[in-house]
Amino acid sequence: MIEVENLTVKFSSSTAVDNVSFTVAEGESFGLVGESGSGKSTILRTMVGLNRHWTGNIRIAGLDVRTTRQRDLARTVQMVFQDPYGSLHPRYTIGQQIAEPMVINGIADPLGRTAELLDLIGLGAKFQFRFPHELSGGQRQRVAIARALSLSPRILLLDEPTSALDVSIQAEILNLLNRLRKELGLTFVIVSHDLAVISYMCERLMVMRNARTVETLTREQLRARDVRDEYSRELLAAS
Amino acid sequence: MTSKQETGKLVEIENLRVAFRNDEGGWNDAVRGVSFSLGREKLGIVGESGSGKSLTGRSLLGVLPSYAKISVDKLSFDGIDLRTASPKLRRSLRGGRMGMILQDPKYSLNPVMTVGQQIVEAIRIGNRKLGATDARRQAIAALEAVHIREPERVMGLYPHELSGGMGQRVMIAMMVVREPDLLIADEPTSALDVTVRTQVLSIMDELVTRRGMGLIFISHDLNLVSRFCDRVIVMYAGRIVETLDAKNLHAAKHPYTQGLLACLPSIDGSLEPLPTLNRDASWLEAAR
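So the protein lines, in turn, are chains A and B. Just so you know, the first sequence maps onto residues 120 to 358 in our numbering. Just so you know, the second sequence maps onto residues 10 to 297 in our numbering.
Here is the structure:
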């Protein structure tokens, strides 16, 4: 479903991602862990076409990210960001922001589908007339997830989806994501610095440090503490 | 230091209430009768957003917005009655003897000053006789102490050039460099990676132990707080629902505390849906 090959991303003077490769199978949930600045988020942003300057190959559901039009890419892969306060437009109603991608892509009955999506993520259609400031952080993150699902993508890229939320709300969002993955057959790539969250959500994970891959593990290896690299061990000990 | 040892209490708060005006012209109580005292120890305050934990910290420092209504029966810091202290005295306490580390470096650092200028400023406000070169040396040492690589280079950076974790460490360096008697840390490590978090916590731990400093550690991370602090106060909807010895956290009695513990995923935990909190209306009224 996702093939990333020798991906290198350079910003003016520094290398954010250095020759990283991984694959994710259809329906799988794949985790990226590592310290801040290790390049996890940059990988996600490059996968949805938000970075221009990169080398290597990325294929997502058969589409070459470099040559595919942004609009076609958006119907295959969507991203949910860390900060639900920053990722919603403050002066658009919830309904408008969920409907907008569908209007842009000429999908029939955007309003009806918006109501459906709001039901799906457990808020209910009545929320479509509210503004972001009337919602709590957890509710906003649900809206961001609904918007990401509005074009029926097959892949969701989740960048620290719960790290800005309270633990009680985190549990609700993680449960929601797992339910959606099962119901809609989605593929996930989840960035998190919390190994517990990754172990709960992902079948496989990649540990990153200083823009490079440290190692790739299965959930079973993680749980058996079967790690080879010193840094992964450090990470495990600190969690 | 001496008066602190005599009373044994660095901070005493009794029946703190903070309220904000609502749209109807009435008052919404955000903190509802919080009382606790702090010695030279690490006290954790845990609760969800909106539980009043940050407001409690801010009341102590005296940095609530002017439109907040605050009432308190006793509010003292090292024998100083903060209710009657002059604004000048309170201002001199802040940053000097009482430090606060805030959650978000994006909003707490000055965007148009370099990291170095800001730390040097903090140092020289505390010691006006200190020369520029010495202040700079101290600032670099402070950055080193919070494990920032290449501190010389980072001194010349602006806040927007820092990652979240680096910004957080810069703020900690800036507060800790003055070696305050009381440090109020409001989610100081929420933007940090687990490995860096451990380092930063050990820096703060060392300060508390070495300087005999009091620490109020505000966080929503129950496990982190229980590992790091001596005592934990659990807040819900503006009240203290439970006070625990950190090592007995898992023996928590209140259903809210139990719920918070249960909803955390763990590396070895079950893959079944996580339990979520069913908030009980009686928790609102539960006495501490």
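Quick reminder that beta carbons are idealized off the backbone N, C-alpha and C, glycines included. What you are looking at is a predicted structure, and each value in this text was computed from that prediction instead of being measured.
| query | result |
| --- | --- |
| Could you pull out every residue in the same chain whose Cβ sits closer than 6 Å to the Cβ of Glu21 of chain B, ignoring the five residues on either side in sequence? | Ser46, Lys83, Ser85 |
| If the cut is a Cβ gap below 8 Å, which residues of chain A does Arg206 of chain B touch? | Ala357 |
| On a CA-only basis, which of A:Leu276, A:Val333, A:Met320 is nearest Leu192 of chain A? Give me that one, please. | A:Leu276 |
| For Glu170 of chain B, count neighbouring C-beta atoms within 10 Å of its own C-beta (all shown protein chains included) and say buried if the count is 16 or more, exposed if not. | exposed |
| Return the CA-CA distance between Gly125 of chain B and Ala141 of chain B, expressed in angstroms with no decimal places. | 11 Å |
| Nearest-angstrom Cα distance between Asn136 of chain B and Ser95 of chain B? | 22 Å |
| Quick one: which unbroken beta strand (DSSP E) runs of 3-plus residues sit fully inside the stretch 217-254 of chain B? Chain order, please. | 223-228, 240-245, 248-254 |
| Counting only Cβ-Cβ distances shorter than 9 Å, please list the residues of the stretch 286-306 of chain A near chain B, keeping chain order. | Val286, Ser287, Ile288, Gln289, Ala290, Glu291, Leu293, Asn294, Asn297, Arg298 |
| Tell me Asn37 of chain B's beta-bridge partners as DSSP assigns them. | B:Phe29 |
| Please go through the stretch 46-92 of chain B and give each complete beta strand (DSSP E) segment of 3 or more residues, from N-terminal end onward. | 51-55, 78-80, 83-86 |
| When you compare only the Cα positions, how much space is there between Ser44 of chain B and Asp32 of chain B? | 29 Å |
| What residues are listed by DSSP as bridge partners for Leu182 of chain A? | A:Ile179 |
| Checking the sheet assignment: what are the DSSP bridge partners for Arg261 of chain A? | Paired residue(s): none; Arg261 of chain A is not in a bridge. |
| Is the beta carbon of Ser172 of chain B less than 8 Å from the beta carbon of Gly205 of chain A? | no |
| Can we say the stretch 248-260 of chain A touches the stretch 287-297 of chain A, given the rule of at least three CB pairs closer than 8 Å? | yes |
| For His172 of chain A, count neighbouring Cβ atoms within 10 angstroms of its own Cβ and tell me buried if that reaches 16, exposed if not. | exposed |
| Decide yes or no for the touch test of the stretch 276-291 of chain B against the stretch 299-306 of chain A: beta carbon pairs closer than 8 Å, at least 3 of them. | no |
| For Phe250 of chain A, would you say it is in contact with chain B, using Cβ-to-Cβ distances shorter than 8 Å as the test? | no |
| Apart from the five residues on each side of it in sequence, which residues of its chain come closer than 7 Å, Cβ to Cβ, to Ser228 of chain B? | Gly53, Val55, Glu196, Val234 |
| From the DSSP output, read off the bridge partner residues of Met198 of chain A. | A:Leu276 |
| Nearest chain B C-beta to Ser148 of chain A closer than 8 Å, yes or no? | no |
| How about Val241 of chain B and Tyr265 of chain B: are their beta carbons less than 8 Å apart? | no |
| For Phe248 of chain A, tell me which candidate among A:Ala218, A:Ile223, A:Ile264 has the shortest Cα-Cα distance. | A:Ala218 |
| Check whether chain E comes within 8 Å of Ala135 of chain A, counting only Cβ atoms and requiring the distance to be less than that. | Any reference to chain E falls outside this structure, whose protein chains are A and B. |
| Just list the residues that DSSP pairs Phe130 of chain A with in beta bridges. | A:Ser133 |
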